[in-house]
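Please read the structure below before turning to the comments.
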Amino acid sequence: AKRSGRGRTVEATLTLQMLHTRRNCLMEALRTATRDDSLTLVFQPIVSARSGRPEAYEALLRWRCAGMGPISPVEFIPLAEDSGQICAIGHWVLTQACQQASRWPADPDAGRPPPKVAVNTSLKQLLQADFAAEVRQALQQAGLPPQRLVIEVTESVFNEGDIDRVLATLLALRQSGVEVHVDDFGTGYSSLSRLREFPLTAVKVDKSFVLAGDERSLAVIEGTVLIARRFGLRVIAEGVETAEQAAALAALGVDELQGYHFGRPAPGGPLAAPAVSVSAP
Ligand code: C2E
Ligand code: CA
Ligand code: CA
Ligand code: CA
């Protein structure tokens with residue numbers, strides 16, 4: 386049966402209202418999330434393309450909302466950014482990640498420190514006046530050496546109007562010994578020359594290029610490797626799901642690899658049971 390135009394409008398309005406209600410519910414529940422044990426961190430290995438050893442683990446946030454069950458960070462992080470809650474949540478992530486990483490054991494092979502921990506950081510957090518001090522305090526309280534912390538920032542930092550503020554914060558972080566990686570590289574509209582202007586240590590190529598795997602995407606990765614090398618930066622690729630992808634990326638000169646092929650995000654990081662290579666569909 387054909388629906389009238391009016392019926393469709395009512396339906397569309399209802400759907401919008403439902404989305405609005407969900408959004409408000411989630412925002413309300415997020416207000417207490419850092420205090421009510423509904424947030425947890427999982428950790429995914431980032432391995433050396435040469436040795437296969439974990440160089441770092443990325444902390445990824447998980448939220449089990451009391452009323453609505455598990456909510457993806459893809460949904461709730463943007464909400465938290467809009468509402469300003471991202472700063473409190475980000476602070477929780479930072480302190481938790483540092484504390485957990487401080488308990489990771491050293492590599493059994495002599496002379497290697499435990500893996501680093503990489504923490505996703507929103508531009509909103511970075512623009513706080515005292516972000517670098519917040520990071521130093523989190524490190525100090527956890528007893529974690531600054532060299533073992535990576536701050537991941539997205540390409541959006543390149544386009545922030547208050548560039549002096551961003552640069553000052555990144556510089557302060559680098560001077561404390563913390564690494565700074567640019568995440569999701571290639572998805573924004575920033576120019577490659579930005580890589581030279583910012584005090585970065587590595588570039589993380591967005592997983593969409595790895596997953597697509599077509600000639601154009603490989604060309605983007607190859608170009609990124611060439612430029613990054615010139616500027617003394619390492620290159621990391623994420624979204625590596627197969628041995629073939631891993632081999633191709635290593636051949637292109639990518640330094641570190643992350644993805645389901647090497648391990649899924651899991652509680653405990655290196656303390657979890659050794660990752661079984663995931664080959665089931
Ligand atoms: P991201 O930083 O780009 O994180 C990588 C995402 O790719 C993660 O999704 C991870 O689980 C997923 N992934 C890892 N390996 C593979 C693979 O082989 N194939 C595919 N298809 N995907 C893979 P997740 O955990 O759902 O996180 C999504 C996004 O949420 C993150 O993207 C990040 O932007 C944001 N996020 C997560 N935790 C935090 C946090 O603590 N703070 C902030 N600001 N953002 C966070
Ligand atoms: Ca990331
Ligand atoms: Ca990413
Ligand atoms: Ca992302």
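Heads up, the final residue of the sequence shown is numbered 666 in full-length UniProt numbering, and it's a clean run with no missing numbers. Just so it is clear, CB atoms sit at the ideal spot from N, CA and C, and this is done for glycine as well.
Since residue i is in the beta strand (DSSP E), which residue starts that stretch and which ends it?
i	result
G454	G454 to I456
T425	L424 to S433
If you follow the alpha helix (DSSP H) that residue i is in, where does it begin and where does it stop?
i	result
S602	E600 to R615
A636	A628 to L637
residue 670	The structure shown does not extend to residue 670, since the chain spans only 386 to 666, so no value can be given for it.
S593	K592 to A597
E582	R579 to E582
Can you tell me which of the three DSSP states residue i falls into?
i	result
L415	helix
E564	strand
W448	strand
P493	coil
P499	coil
P530	coil
A557	helix
A657	coil
F545	For the sequence presented, residue 545 should be read as Glu rather than Phe. Here E545 sits in coil by DSSP.
T572	coil
V395	helix
R550	helix
Q402	helix
V459	helix
Can you tell me whether residue i is buried or exposed? The criterion is at least 16 other CB atoms within 10 Å of its CB, across all chains shown.
i	result
P584	exposed
V661	Legend: pLDDT at V661 = 45, less than 50; position of this residue unreliable, no value from coordinates given.
S436	exposed
V478	buried
Q525	exposed
Residue i: which of the options sits nearest, CA to CA?
i	options	result
V639	R416, A613 and I471	A613
C483	T554, R559, Q522 and R420	Q522
A628	F647, E641 and R615	F647
H566	S468, A503, H476 and Q485	A503
L634	Y645, R615, R619 and I606	I606
L552	F570, P531, A517 and A527	A517
P499	R488, S507, N505 and G390	R488
S541	G571, H476, A465 and I471	G571
G624	A636, G598, R407 and E466	G598
Mind checking who residue i pairs with in its DSSP beta bridge?
i	result
T506	V538
Q643	I431
A587	H566 and R619
A651	F428
Y442	P430 and V502
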